[in-house]
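Those protein sequence lines, which keep their order, are chains A and B. Per the numbering used here, the very first residue in the first sequence carries number 1; after that it's consecutive. Per the numbering used here, the very first residue in the second sequence carries number 111; after that it's consecutive. From the three backbone atoms N, C-alpha and C, an ideal C-beta is built for every residue, glycine too. Take a look at the structure below.
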Amino acid sequence: MGVKTEFQDDTLYCYLSGEIDHHQSFAIRLEIDDKIENSRPKTTILDFTDVTFMDSSGIGLVMGRYKLCSQYDGSLTVCGLSDSAYKVMKLAGLSNIASIKKGGIKNEHK
Amino acid sequence: MNINEFKMTVDSRSVNEGFTRTAVAAFTAQLDPTLEEINDIKTAVSEAVTNCIVHGYKNSVGKIFITVRIKSESAVLITIKDRGAGIEDIKKAREPLFTTGGSDRAGLGFSVMESFTDRLTVRSAVGRGTTVTLYKRIFGRAK
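This is how it looks when you write it as structure tokens:
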């Protein structure tokens, strides 16, 4: 549960898993921020494929990472959203700041 | 009148967010809801309980009181109550993106509760606490 990260070709891949709520998102946030600050990626990808539940803490997670990536002139992509996670993301109008896709990148990348 | 009722009290610790939404969803399962309906309930309950923890009992640990009432074959009423800080301006608190919770809180808790249920009621008094009531119709798979 949590997040696994991988840095390759100026891209930071973050594979999120488990339940993303206020309780879980704290550790996930610290881990991703640490990686962004150290590697300053051009693109950061948040892959939600293995996320089984998400509430509005997921929106906070995306918004906060967007701000941090912008500081280093990087872009943010969100992918692998389930129907219900997509429903939450849509509420926030996040498609204005990040590229949001339903499908994951895991299979094509590995 | 209620067909069935379930009550629980938990400490306002964030580790209980997962437990409470799962417990409420499990109790509601007797109405044979769809996966989407179950997810809607879990998400709305998660928002309400998180509010109790992050805002109601900001600098302390208090009790969160949850009641789930099966109202009919196709409706559930969920009450989530704290005796914490209370909300000064409910109208403002319910506005999308308004938050007092810092940069990593989206300010969408009430918006999510509103759009994932059929009716949201918020009652609050400063210094006395907040009660959130969520009404959700369950159309289910078989009905």
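Taking DSSP as the reference, what is the three-state secondary structure of residue i?
i	result
E147 (chain B)	helix
Y167 (chain B)	coil
N112 (chain B)	coil
D9 (chain A)	coil
D50 (chain A)	strand
K173 (chain B)	strand
What's the gap between the Cα of residue i and the Cα of residue j?
i	j	result
G172 (chain B)	V3 (chain A)	30 angstroms
I105 (chain A)	E205 (chain B)	35 angstroms
A98 (chain A)	V155 (chain B)	27 angstroms
N149 (chain B)	K42 (chain A)	34 angstroms
F70 (chain A)	E198 (chain B)	Residue 70 (chain A) is actually Ser in this sequence, not Phe. If you take the alpha carbons of S70 (chain A) and E198 (chain B), they lie about 34 angstroms apart.
D50 (chain A)	S82 (chain A)	9 angstroms
V236 (chain B)	D9 (chain A)	53 angstroms
V134 (chain B)	I180 (chain B)	11 angstroms
S56 (chain A)	T130 (chain B)	16 angstroms
V88 (chain A)	L141 (chain B)	24 angstroms
G74 (chain A)	L68 (chain A)	9 angstroms
P143 (chain B)	L244 (chain B)	16 angstroms
K90 (chain A)	A158 (chain B)	19 angstroms
T153 (chain B)	Y72 (chain A)	33 angstroms
Between residue i and residue j, is the Cβ-Cβ spacing less than 8 angstroms?
i	j	result
S234 (chain B)	I174 (chain B)	no
A85 (chain A)	G103 (chain A)	no
T5 (chain A)	E31 (chain A)	yes
T241 (chain B)	T209 (chain B)	no
G219 (chain B)	E19 (chain A)	no
Report all residues from its chain with a CB closer than 7 angstroms to the CB of residue i; omit the five preceding and five following residues, and keep chain order.
i	result
R29 (chain A)	L61 and G64
G239 (chain B)	G166, K191, D192, R193, G194 and G196
S221 (chain B)	P206
A92 (chain A)	I59
N112 (chain B)	R179, I180 and K181
From which residue to which residue does the alpha helix (DSSP H) around residue i run?
i	result
K87 (chain A)	D83 to L91
A133 (chain B)	N126 to T138
L68 (chain A)	S57 to Q71
Where do the N-terminal and C-terminal ends of the beta strand (DSSP E) with residue i fall, by residue?
i	result
C79 (chain A)	S75 to C79
R233 (chain B)	R229 to A235
Whose C-beta lies closer than 6 angstroms to the C-beta of residue i among residues of the same chain, with five residues either side of it excluded?
i	result
F116 (chain B)	F137 and V178
L187 (chain B)	R179, K181 and Y245
Skipping 5 residues on each side, what residues in its chain have a beta carbon closer than 8 angstroms to that of residue i?
i	result
D47 (chain A)	Y13, C14, Y15, L16, C79, G80, G104, I105 and K106
S184 (chain B)	L141, R247, I248, F249, G250 and K253
E224 (chain B)	R204 and L230
K101 (chain A)	T77, V78, C79, G80 and L81
Whose Cβ in chain D lies nearer than 9 angstroms to the Cβ of residue i?
i	result
G128 (chain B)	In summary, chain D is missing from the structure at hand, where the protein chains are A and B.
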